[in-house]
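**Student:**
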Amino acid sequence: MTATHNFGTSPIRAASTADTFKAALYVTTATVNAATTVYSSTNEVSGTGYTAGGITVTNATAPSSTNTSATAGVGYWTPSGNLVYSTVTLTTAFDTVLIYNSSQSNAAVSVHTFGAQTITAGTFTLTMPTNTTTSALLRLSTT
Amino acid sequence: MIITTTKGEMDDSLLEKREGSIDNDIELTTWVEYYHEGELVHRSAHVTLKTSPFTNLVAASMA
Chain A
59 MTATHNFGTS PIRAASTADT FKAALYVTTA TVNAATTVYS STNEVSGTGY TAGGITVTNA
119 TAPSSTNTSA TAGVGYWTPS GNLVYSTVTL TTAFDTVLIY NSSQSNAAVS VHTFGAQTIT
179 AGTFTLTMPT NTTTSALLRL STT
Chain B
742 MIITTTKGEM DDSLLEKREG SIDNDIELTT WVEYYHEGEL VHRSAHVTLK TSPFTNLVAA
802 SMA
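Chains as they are written, first to last, in our numbering: chain A, 59 to 201; chain B, 742 to 804.
Structure representation (structure tokens):
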């Protein structure tokens, strides 16, 4: 979680700050899945109040891990704020959000799907789960 | 309460409010809609994700 994607500040790289992550929404006809490796504007939602590329993910909490060099564990991370698209009109149904790393050539991080939605002069909120080993948005088991 | 609509700011007393929700293994979602004279003028939705079906951490490692 702090190699290609640097959610925290501990890795030794050219940059000592955490990367910037963004969240883009996609319409129901888009093919965005586990095979997606990079952000694309193809089939991204468009509408009043929405900027191509999506919104910046609030990342004030570095990833955590329970593993040690001798024992297995879980590495986990959750954005520190909900994903909020305020005062937008998105009339084409969408059902997917792609979280990607805009600091690393827009490399894909994760894809999350939900029931199709439209928004009319309103707010779309993706509420983040509690950041624990069992409920964090991103969880990696180690062996 | 003032509601942002496709027709500008409107008092909710002028609007018909409809709400709904879905709760399954993937998400807990609620939405609210406001109608003015039968026309949808506002819709907001709030999704709480429960699972991460497609997580692809490329070349990631534990911190």
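Ideal Cβ placement from N, Cα and C applies to all residues, glycine included. Bear in mind that the values here come from a model prediction, so they are computed numbers and not experimental data.
Are any of the Cβ atoms in chain A nearer than 7 Å to that of isoleucine 763 (chain B)?
**Tutor:** With 7 Å as the cut-off, isoleucine 763 (chain B) counts as an interface residue toward chain A.
**Student:** Measuring straight from C-alpha to C-alpha, what distance separates serine 686 (chain B) and threonine 771 (chain B)?
**Tutor:** There is simply no residue 686 (chain B) to check, as chain B begins at 742 and stops at 804 in what is shown.
**Student:** Quick check: is the beta carbon of threonine 75 (chain A) nearer than 7 Å to any beta carbon in chain B?
**Tutor:** Chain B, which has no Cβ nearer than 7 Å to the Cβ of threonine 75 (chain A), makes this no.
**Student:** To the nearest angstrom, how far is it from the Cα of serine 138 (chain A) to the Cα of alanine 81 (chain A)?
**Tutor:** If you take the alpha carbons of serine 138 (chain A) and alanine 81 (chain A), they lie about 13 Å apart.
**Student:** Nearest chain A C-beta to leucine 790 (chain B) closer than 7 Å, yes or no?
**Tutor:** Chain A, which has a Cβ nearer than 7 Å to the Cβ of leucine 790 (chain B), makes this yes.
**Student:** Can you give the Cα-Cα distance for alanine 130 (chain A) and asparagine 140 (chain A), rounded to whole angstroms?
**Tutor:** Answer to the nearest angstrom: the Cα atoms are 30 Å apart.
**Student:** For alanine 179 (chain A) and serine 161 (chain A), I'd like the C-alpha separation in whole angstroms.
**Tutor:** So the alpha carbons of these two residues sit roughly 31 Å apart.
**Student:** Strictly under 7 Å for the Cβ-Cβ distance: is alanine 804 (chain B) near chain A by that measure?
**Tutor:** In this prediction, alanine 804 (chain B) has a pLDDT of 36, which is less than 50 and means its spatial position is unreliable; nothing more can be read from the coordinates.
**Student:** What does arginine 759 (chain B) touch in chain A if you count any residue whose Cβ is under 9 Å from its own?
**Tutor:** Chain A residues near arginine 759 (chain B): none, gap ~12 Å exceeds 9 Å.
**Student:** Taking a Cβ distance cut-off of 9 Å, strictly less, list which residues of the region 170-191 of chain A are near chain B, in chain order.
**Tutor:** Taking 9 Å as the Cβ-Cβ cut-off against chain B, the residues of the region 170-191 of chain A that qualify are His170, Thr171, Phe172, Gly173, Gln175, Thr176, Ile177, Thr178, Ala179, Gly180, Thr181, Phe182, Thr183, Leu184, Thr185, Met186, Pro187.
**Student:** Ordered along the chain, which non-local residues of its own chain (more than five positions away) have a Cβ less than 7 Å from that of threonine 78 (chain A)?
**Tutor:** So the qualifying residues of the chain are Thr114, Ser160, Ser161.
**Student:** Could you work out which residues of chain B lie near threonine 87 (chain A), taking near to mean beta carbons separated by less than 7 Å?
**Tutor:** Near threonine 87 (chain A) there are no residues of chain B at all, since even the closest Cβ is about 17 Å away, more than 7 Å.
**Student:** Spell out whether any CB of chain A is found under 7 Å from the CB atom of phenylalanine 795 (chain B).
**Tutor:** Since pLDDT at phenylalanine 795 (chain B) reaches only 44, below the 50 mark, its modelled position is unreliable, and no value is offered.
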